[in-house]
Structures are given as structure tokens and as C-alpha cells.
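Below: the structure, in C-alpha cells.
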Amino acid sequence: MSTRHTILATLALGGMVAGCAALVPGDALDARVDAMMKASFRDQGIARVDRLQQDLANEACSEALGRDLPEKLAKQVEAENMKTVKLPSDGRFLGDFKRGEAIAQSGRGMTWTDRSADPASNGGNCYNCHALAKAEISYGTIGPSLYNYGKLRGVTDPSSPAARPIVEYTWGKLWNTRAYNACSNMPRFGHLGLLNEQQLKDVMALLLDPRSPVNQ
Numbered sequence: 030m031s032t033r034h035t036i037l038a039t040l041a042l043g044g045m046v047a048g049c050a051a052l053v054p055g056d057a058l059d060a061r062v063d064a065m066m067k068a069s070f071r072d073q074g075i076a077r078v079d080r081l082q083q084d085l086a087n088e089a090c091s092e093a094l095g096r097d098l099p100e101k102l103a104k105q106v107e108a109e110n111m112k113t114v115k116l117p118s119d120g121r122f123l124g125d126f127k128r129g130e131a132i133a134q135s136g137r138g139m140t141w142t143d144r145s146a147d148p149a150s151n152g153g154n155c156y157n158c159h160a161l162a163k164a165e166i167s168y169g170t171i172g173p174s175l176y177n178y179g180k181l182r183g184v185t186d187p188s189s190p191a192a193r194p195i196v197e198y199t200w201g202k203l204w205n206t207r208a209y210n211a212c213s214n215m216p217r218f219g220h221l222g223l224l225n226e227q228q229l230k231d232v233m234a235l236l237l238d239p240r241s242p243v244n245q
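My numbering applies: residue 30 is where the sequence shown begins, and numbers increase by one.
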């Protein structure tokens with residue numbers, strides 16, 4: 030078969046498949062996909078099938094396929110996620126930036142090979158998406174650079190009243206990023222129990238402590 034005939038045959042087959050798909054209602058396709066997902070996954074260690082269950086944010090953003098959500102829906106998603114944000118139980122937002130750096134470097138946790146879902150041994154994998162400390166030259170660019178995060182925002186004393194708004198915002202962003210951006214790709218570390226309160230404090234220190242390598 031010539032190249033031209035191969036191309037024509039491929040196009041014809043594609044048209045047939047598209048035509049068949051067009052005959053199936055959207056709800057029926059969704060049901061088929063749900064059935065396929067349930068049949069294709071099983072519980073394995075701490076990785077449970079219930080991870081496939083979507084909340085409003087995941088469902089809406091999946092259906093949007095990268096497009097912006099309608100404003101009303103986006104505000105609804107953000108409002109519902111904002112309700113989940115819990116401030117530190119002792120009122121202290123910052124921990125140890127050295128431990129925070131270790132958490133940012135680590136991508137461990139929540140796989141079927143991990144013995145426990147306890148977040149104490151989890152990492153935040155922050156460098157996978159962000160630049161942070163200048164000394165680390167291997168980082169992702171899915172998210173914005175966080176180098177000089179606190180310095181650029183004028184945080185010289187994280188415990189001061191002047192710094193309170195950015196400190197609370199940063200905590201909320203780490204706890205549940207979808208409280209601020211409905212379809213954010215960033216993990217909802219606190220809300221989903223991926224990091225515990227002390228770990229979040231340590232990451233906060235990495236971002237906001239003036240002595241942190243992030244702010245040098």
C-alpha cells in the first residue's frame with residue numbers, strides 16, 4: 030500500500046471511530062469510564078481505590094480540561110476549600126528552615142510500597158515544581174520560583190503584625206491551595222494529610238525565615 034493510501038485509510042478509520050463515539054451520549058461515556066477505572070485499579074498497601082473519588086474541585090477541574098472554570102463555580106470551589114484551612118493549633122506558624130529544606134528535597138510518601146500513610150515520613154517534593162534555595166540547581170518550573178519568597182515580600186520579622194497577612198496567606202496556600210486557585214496543580218498538603226502541622230511549619234520557615242537559604 031502506498032503512503033498516500035495509508036494516510037487516507039488512517040483518516041477514514043479515524044472518522045469512523047469519531048462517528049461511533051458521537052453516537053454515545055456523554056453520560057454513557059462517563060459511566061463507561063467510571064466502570065473502566067473501577068475495574069482497572071485495586072487496593073495495594075496504603076494506596077486505596079478511594080483515591081479515585083473526586084471532590085467538587087477535582088471533578089470540576091477535570092471536566093474543564095485546562096480551561097478556566099466559570100467564575101461562579103470557581104468561587105464556589107475556592108470558598109469550600111477555604112473552609113478546610115486550619116491555622117496552627119499553638120498559633121506559631123514557623124518551625125525549622127533546615128528541616129523545611131529536607132522536606133522540600135524529599136519526594137517520599139503515599140506510595141503502595143510505604144508501610145504507613147502517616148505523613149511524618151513524607152516529603153513535600155517542592156523542588157519538583159519550584160526553585161527555592163539558590164544552591165539547588167535541579168528544580169522544576171511547573172510552579173513559580175520561590176527564591177527570595179519572604180525577602181521579596183518584605184518579611185523581616187515573620188512574627189510581626191506587619192508580616193501577619195503574608196504569613197497567614199502562605200500557611201493557607203500550603204494547607205489547601207485550592208482555597209486561592211480553584212484548579213491549582215499544587216498538592217493540598219494539610220487538607221489531604223500529606224504533611225502534618227510541624228512539617229508545614231518547617232516549610233513555612235524555609236519560605237519566610239530571613240535566615241533561610243531561600244531568602245539569602
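All residues carry an ideal CB built from backbone N, CA and C; glycine is no exception. Computed from a predicted model, the values in this text were never measured in an experiment.
From the listed residues A131, K104, V106, M139, the smallest Cα separation to A76 is found for M139. Under the DSSP assignment, N214 falls outside any alpha helix (DSSP H); it carries neither an H nor an E label. The shortest CA-to-CA distance from R128 to any of P239, L58, R217, Q227 is the one to Q227. In the three-state scheme derived from DSSP, where H, G and I count as helix and E and B as strand, Q83 is classed as coil. The criterion of a C-beta distance shorter than 8 Å is satisfied by L85 and V106. Nearest in C-alpha terms to K104, of all of C212, K230, L237, L229, is C212. Counting of Cβ neighbours within 10 angstroms places R137 among the exposed residues, the total staying below 16. Distance check between M111 and each of L236, N214, F218, N205 places N205 closest, using alpha-carbon atoms only. Listed in chain order, the non-local C-beta contacts of K67 below 7 Å within the same chain number zero, local neighbours out to five positions each way being set aside. Per the DSSP secondary-structure output, Q73 pairs in a beta bridge with A76.
When DSSP states are grouped into helix, strand and coil, L229 belongs to the helix group.
Taking the Cα of K115 as reference, the smallest distance to any Cα among L236, P190, F218 is reached at F218. G152 and S167 do not touch by the CB rule: their CB atoms are close to 15 Å apart, not below 8 Å. V243 sits close to N177, with the two beta carbons spaced by under 8 Å.
For P216, the closest C-alpha among the options I171, L237, G179, P54 is that of I171.
Annotation for G222: no alpha helix (DSSP H) segment contains it, and DSSP assigns it neither H nor E. Linking G55 to E109 through their CA atoms gives a straight-line distance of about 27 Å. Around the beta carbon of K230, 16 or more other beta carbons sit within 10 angstroms, so the residue counts as buried. When S91, T185, Q73 are compared, the shortest CA-CA separation from D143 is found for Q73. A distance below 8 Å between beta-carbons, with the five flanking residues on each side excluded, links P148 to the following residues of its chain, in chain order: G138, G222, L223, L224, N225, Q228. Look at E165 here: in three-state DSSP terms it is coil, with no helix or strand label.
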